[in-house]
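Below: one structure, written as structure tokens.
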Amino acid sequence: MRSRKKLLLLASLLPLSLLATANTETGKRGKTDPVIAGMVSDASSKKPVQGVTVSISSANKNIDKDRKEVLTDAAGNFKVPDLPPGEVVIVLTKKGYKTSRKENVVIKEGVALKLNFDITEEDESDVFHPLMRMMDGD
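Going letter by letter, the sequence shown gives residues -22 to -1, 1 to 116 in mature numbering (1 follows the signal peptide of the UniProt record, and there is no 0).
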């Protein structure tokens, strides 16, 4: 009778131990992949901006293979997962807004960064108008 209870106890503990090991990634226990996430807002209205291209590339100009691009969602949020550790440059672009650039961003293994950006609308003088140039005689 006692051996049957022990066997039953062992049989019930085995699935629990398998679940515990299944929840940890092999070789990474507790570490997360580096991620950059954040929100892009209009600098004057502070409202979120949808459809901004967020480009993240290595600060080393010779390495362009690790370049990643995402678009902001309706709430202005973005998330770029699976980034290699190192220094990166972040560039934000959207038609009607000035290009924004942030350099010297350091990604560390297992660390998630949260960065929020305010982007500024282009002034009419910043936009190239061919008709205006023709009127000026250029």
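Each residue gets a CB set at the ideal place from its N, CA and C atoms; glycine is no exception.
Quick caveat: nothing in here was measured; it's all calculated off a predicted structure.
- DSSP, reduced to helix, strand and coil, places Glu102 within a helical segment of the structure shown.
- Going by beta carbons, Ile97 and Ala15 fall outside the 8 Å limit.
- The residue from Phe56, Lys39 and Lys24 with its alpha-carbon nearest to that of Ala90 is Phe56.
- Annotation: Tyr75 to Ile85 spans about 27 Å, alpha carbon to alpha carbon.
- Relative to the Cα of Ala53, the nearest Cα in the group Glu102, Glu99, Val13 and Val18 belongs to Val18.
- Cβ neighbours of Val13 within its own chain (closer than 6 Å, five residues either side excluded): Pro59 and Ala90.
- Rounded to the nearest whole angstrom, the C-alpha separation of Ser35 and Gly88 is 18 Å.
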